[in-house]
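Novice:
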Amino acid sequence: MGDSQAWTAAPSAAEHARSVLAASWSCAVTAESGREEIVGAHTVAGNGRVTLDVPDDSSLLEAAICAPRGEPSAVLEFADAAPVPVRSRIRARLWIAGWFAPGDGERRLEFNATRVVLRRPSGAVVVDLDDFAGAAPDPLAMAEARLLTHLADSHPDAIERLTRLVEPETLHGAVRVQPLAVDRHGLTLRIERTRAHGDARLPFHAPADDVAQLTERMHVLLTQASAASCPRALQRQRTDSDG
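The sequence shown runs 144 to 386 under our numbering.
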């Protein structure tokens, strides 16, 4: 069971939705003909429009050809999974409802969106279609998995130091802390307890528009953490493990 979240300096719903879409390698398609998993076969245009390259035996092709006016009702689902192993690994889900139309090529289908819904830990939100089309993915979205994996695997000492910036009551009973997400506005830590978990958001002092700027923002956070006192909860945890 998760704790309530406190999100500050975070991407808008439209930006978050576009980031999920940009970073996703696969999607599930539910249409009148059934449900199919499409892996590594979708592309996203600058306005967020999704195009699928489907197998020859896909029922989606037949549905697009045979349906009245060529507009079968369908829903695309994209899951945003944390790249680092944590509890409740799915960070968000994105659903795009609409209809297919034949695209350029025999196996290509273009998806026309009529509704976009993003579900985050704070709840589900309907994303305005114009906002969705006009938004851009977070500039760190495509590098996030590599960045978080490197932080978790190679710099556990840095993660522990960053916990000094977390409210002590949030760390009470913590058994593990892992990096959950990063975007241009900040870093989110997943704080796991024996039977629960919660997240702590560490905002950057200014947005990071590329990896070089992210490196500088992280150095600022680590400098701030070094000047802070060590959380009592983690002090007790280390003392108990040492004994």
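No residue lacks a Cβ here, since even glycine has one placed at the ideal position from N, Cα and C. Small disclaimer: the values here were computed from a predicted structure and weren't measured.
When the Cα atoms are used, what is the spatial distance from R333 to D199?
Specialist: The residue you call residue 333 lines up with position 190 of the sequence shown. The residue you call residue 199 lines up with position 56 of the sequence shown. The straight-line gap from Cα to Cα measures roughly 42 Å.
Novice: Quick one: grab the DSSP three-state call for F347.
Specialist: Start at 1 with the first residue of the sequence shown, and residue 347 comes out as number 204. Residue state, collapsed to three classes: coil.
Novice: Residues in the same chain with beta-carbon distance under 6 Å from S162, minus the five sequence neighbours each way, listed in chain order, please.
Specialist: Numbered from 1 along the sequence shown, position 19 holds the residue referred to as residue 162. If we look at S162 and ignore the five residues flanking it on each side, its Cβ neighbours are P280, D281, A284.
Novice: Using DSSP bridges, identify the partner residues of S216.
Specialist: Here the question's residue 216 lines up with position 73 in the sequence shown. Note: S216 sits in a beta bridge opposite W242.
Novice: For V269, report the span of its beta strand (DSSP E) as first-last.
Specialist: Here residue 269 refers to the residue found at position 126 of the sequence shown. Element bounds for V269: 266-270.
Novice: Can you give me the Cβ contacts of S201 inside the same chain, cut-off strictly under 7 Å, excluding the 5 residues immediately before and after it?
Specialist: By 1-based counting over the sequence shown, the position of residue 201 is 58. Cβ contact annotation for S201 (same chain, cutoff 7 Å, sequence separation greater than five): E179, in chain order.
Novice: Determine the closest residue to G241 out of A165, A286, A207, with distance taken between C-alpha atoms.
Specialist: Along the sequence shown, read from residue 1 onward, the residue named residue 241 stands at position 98. The shortest Cα separation from G241 among A165, A286, A207 belongs to A207.
Novice: Give the DSSP-derived three-state secondary structure of R236 in the structure shown.
Specialist: Taking the first residue of the sequence shown as position 1, residue 236 is located at position 93. Of the three classes helix, strand and coil, the one that applies to R236 here is strand, per DSSP.
Novice: Take W168 and list the residues in its own chain whose beta-carbon comes closer than 8 Å to its own, dropping the five residues that flank it on each side.
Specialist: For this step, residue 168 is matched to residue 25 along the sequence shown. If we look at W168 and ignore the five residues flanking it on each side, its Cβ neighbours are V182, G183.
Novice: Can you tell me whether T337 is helix, strand or coil according to DSSP?
Specialist: Working through the sequence shown from its first residue, we reach residue 337 at position 194. T337: coil per DSSP, three-state reduction.
Novice: When the distance is taken between beta carbons, is A256 closer than 7 Å to I239?
Specialist: Reading the sequence shown from its first residue, position 96 is the one you call residue 239. Reading the sequence shown from its first residue, position 113 is the one you call residue 256. Taking 7 Å as the Cβ cut-off, I239 and A256 qualify as a contacting pair.
Novice: Can you grab the Cα-Cα spacing for the pair A349 / G316, in whole Å?
Specialist: By 1-based counting over the sequence shown, the position of residue 349 is 206. By 1-based counting over the sequence shown, the position of residue 316 is 173. Straight across, the Cα-Cα distance linking A349 with G316 is about 31 Å.
Novice: Nearest-angstrom Cα distance between A278 and P154?
Specialist: By one-based count along the sequence shown, residue 278 stands at place 135. By one-based count along the sequence shown, residue 154 stands at place 11. Between A278 and P154, the C-alpha separation is close to 10 Å.
Novice: Give the secondary structure of G248 by DSSP, where H, G and I count as helix, E and B as strand, and everything else as coil.
Specialist: Along the sequence shown, read from residue 1 onward, the residue named residue 248 stands at position 105. When DSSP states are grouped into helix, strand and coil, G248 belongs to the coil group.
Novice: With distance defined between alpha-carbon atoms, name the residue in D352, A166, L365 nearest to R236.
Specialist: Residue mapping note: residue 236 aligns to position 93 of the sequence shown, counting from 1. Each of D352, A166, L365 was checked against the Cα of R236, and the nearest Cα belongs to A166.
Novice: If you draw a straight line from the alpha carbon of L365 to that of A301, how long is it in whole angstroms?
Specialist: Counted from its first residue, the sequence shown places residue 365 at position 222. Counted from its first residue, the sequence shown places residue 301 at position 158. Rounded to whole angstroms, L365 to A301 spans 7 Å at the Cα level.
Novice: Identify whether G177 lies in helix, strand or coil by the three-state DSSP scheme.
Specialist: Within the sequence shown, residue 177 is the residue found at index 34, counting from 1. Strand, per DSSP.
Novice: Closest by CA to R192, which one among L219, E310, A174, D223?
Specialist: What you label residue 192 is simply residue 49 of the sequence shown in a count that begins at 1. Comparing Cα-Cα distances from R192 to each of L219, E310, A174, D223, the minimum goes to L219.
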